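The structure appears below as structure tokens.
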Amino acid sequence: RKEVEQDPGPFNVPEGATVAFNCTYSNSASQSFFWYRQDCRKEPKLLMSVYSSGNEDGRFTAQLNRASQYISLLIRDSKLSDSATYLCVVNPLSGGYQKVTFGIGTKLQVIP
Amino acid sequence: EPEVTQTPSHQVTQMGQEVILRCVPISNHLYFYWYRQILGQKVEFLVSFYNNEISEKSEIFDDQFSVERPDGSNFTLKIRSTKLEDSAMYFCASTLSGFGYTFGSGTRLTVV
Chain A
857 RKEVEQDPGP FNVPEGATVA FNCTYSNSAS QSFFWYRQDC RKEPKLLMSV YSSGNEDGRF
917 TAQLNRASQY ISLLIRDSKL SDSATYLCVV NPLSGGYQKV TFGIGTKLQV IP
Chain B
5 EPEVTQTPSH QVTQMGQEVI LRCVPISNHL YFYWYRQILG QKVEFLVSFY NNEISEKSEI
65 FDDQFSVERP DGSNFTLKIR STKLEDSAMY FCASTLSGFG YTFGSGTRLT VV
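Protein sequences appear in the order of chains A and B. Take any residue in the first sequence, count from 1 to its spot, add 856: that is its number in my numbering. Take any residue in the second sequence, count from 1 to its spot, add 4: that is its number in my numbering.
So, in structure tokens, the structure goes:
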């Protein structure tokens with residue numbers, strides 16, 4: 857099983873739609889989780905951290921399910937500017953220098 | 005907003021040549037990293053650097069690779085004898101605490 861697994865997509869959705877991505881991770885001891893956004897040929901940019909209690913930032917909601925070892929990202933009212941690849945990132949520890957592991961990313965294309 | 009700066013943005017080199025990729029992390033950050041992304045593939049960890057020494061490295065980071073922080077601000081990645089398969093986007097990242105990285109805009113390395 858891959859360390860961090862994502863459906864690469866692409867997910868093609870109309871403007872205004874709600875779309876959700878899941879990501880599963882294999883290391884049950886993983887401590888911290890993130891969603892990054894990557895535009896084509898650009899650097900990853902931190903979108904949001906993911907907490908056990910779930911967290912929301914505007915149209916974006918992230919959830920963590922430790923029992924099933926997955927995290928999710930929900931985007932409501934999709935905008936054309938949301939078109940990008942969304943990277944799931946898992947850290948084995950809660951902070952510190954340890955490497956994080958990236959998923960392959962899920963490509964989202966929002967269509968007018 | 006503070007940023008991580010990488011130079012050059014694009015480097016073309018002949019196989020067997022040495023290249024040095026440069027990065028200026030955010031000034032008060034403590035942990036520094038190099039990641040790479042081969043076109044169409046996931047972001048892969050190369051090396052982490054903390055307190056002026058390597059704290060972790062991947063199996064990709066073999067004897068051909070080295071890192072330095074020569075002057076307290078720059079952070080460099082050297083590849084001694086480049087191979088075709090070293091062609092990738094190389095990202096430098098830094099973080100203060102390990103909760104979320106800031107990535108530089110990357111150096112696209114093309115080995116011909």
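Where is the CB? At the ideal position from N, CA and C, for every residue including glycine. Source: prediction; values computed, not measured.
Keeping to the same chain, check which residues put their C-beta closer than 7 angstroms to that of Val875 (chain A); ignore five residues upstream and five downstream. The residue you call residue 875 (chain A) lines up with position 19 of the first sequence. Excluding sequence neighbours, Val875 (chain A) sits near Phe867, Val869, Ile931, Ser934 and Leu964.
Own chain residues within Cβ distance below 7 angstroms of Thr880 (chain A), not counting five before or after: Along the first sequence, one-based indexing puts residue 880 (chain A) at 24. Correct list, in chain order: Glu861, Gln925 and Tyr926.
Would Val966 (chain A) and Thr957 (chain A) qualify as a contact pair, given that the criterion is a beta-carbon distance under 8 angstroms? Here residue 966 (chain A) refers to the residue found at position 110 when the first sequence is read from its first residue. Here residue 957 (chain A) refers to the residue found at position 101 when the first sequence is read from its first residue. Their beta carbons are not under 8 angstroms apart, which means Val966 (chain A) does not touch Thr957 (chain A) by this criterion.
Could you tell me which chain B residues have their CB closer than 7 angstroms to the CB of Glu859 (chain A), listed as they occur along the chain? For the purposes of this step, residue 859 (chain A) is taken as residue 3 along the first sequence, with counting starting at 1. Per Cβ cutoff of 7 angstroms: no residues; Glu859 (chain A) is ~10 angstroms from chain B at best.
Just to confirm before moving on: does the CB-CB distance between Gly914 (chain A) and Tyr942 (chain A) stay below 8 angstroms? Position 58 of the first sequence holds residue 914 (chain A). Position 86 of the first sequence holds residue 942 (chain A). Contact flag unset, no.
CB of Leu34 (chain B) within 8 angstroms of CB of Leu100 (chain B), strictly: Sequence index remark: in the second sequence, residue 34 (chain B) carries index 30 (1-based). Sequence index remark: in the second sequence, residue 100 (chain B) carries index 96 (1-based). Yes, they are a contact pair.
Would you please state the rounded distance, in angstroms, between the beta carbons of Ser52 (chain B) and Lys955 (chain A)? I believe it to be under 8 angstroms. Within the second sequence, residue 52 (chain B) is the residue found at index 48, counting from 1. Within the first sequence, residue 955 (chain A) is the residue found at index 99, counting from 1. Indeed they touch by this definition, with Cβ atoms about 6 angstroms apart.
Tell me whether the beta-carbon of Cys27 (chain B) lies closer than 8 angstroms to the beta-carbon of Val8 (chain B). On the second sequence, position 23 is the one that residue 27 (chain B) refers to. On the second sequence, position 4 is the one that residue 8 (chain B) refers to. Cβ distance < 8 angstroms, so Cys27 (chain B) and Val8 (chain B) count as in contact.
Measuring alpha carbon to alpha carbon, tell me which of B:Phe36, B:Leu43 and B:Ala97 ends up nearest Glu89 (chain B). Reading the second sequence from its first residue, position 85 is the one you call residue 89 (chain B). The shortest C-alpha separation from Glu89 (chain B) is found at B:Leu43.
Which residues of chain B have a Cβ atom closer than 7 angstroms to the Cβ of Ile960 (chain A), listed in chain order? Stepping through the first sequence from its first residue, residue 960 (chain A) is reached at position 104. Those are Lys46, listed as they occur along chain B.
Mind checking if Glu60 (chain B) is an interface residue toward chain A, Cβ cutoff 8 angstroms exclusive? Position 56 of the second sequence, counting from 1, holds the residue named residue 60 (chain B). By this cut-off, Glu60 (chain B) is an interface position.
Verify the CB distance criterion: does Lys955 (chain A) have a CB-CB separation below 8 angstroms to chain B? In the first sequence, residue 955 (chain A) corresponds to position 99, counting from 1. Chain B contact via Cβ: present.
DSSP has Asn911 (chain A) in a bridge; who is on the other side? One-based indexing of the first sequence puts residue 911 (chain A) at position 55. Answer by DSSP bridge pairing, in chain order: A:Ala918.
Which word fits Gln18 (chain B), buried or exposed, when buried means at least 16 other C-beta atoms lie within 10 angstroms of its C-beta? Position 14 of the second sequence holds residue 18 (chain B). Result: exposed.
Count the other CB atoms, across all protein chains shown, that sit within 10 Å of the CB of Glu899 (chain A); report buried if there are 16 or more and exposed otherwise. For this step, residue 899 (chain A) is matched to residue 43 along the first sequence. With 16 or more Cβ atoms within 10 Å of its Cβ, Glu899 (chain A) is classed as buried.
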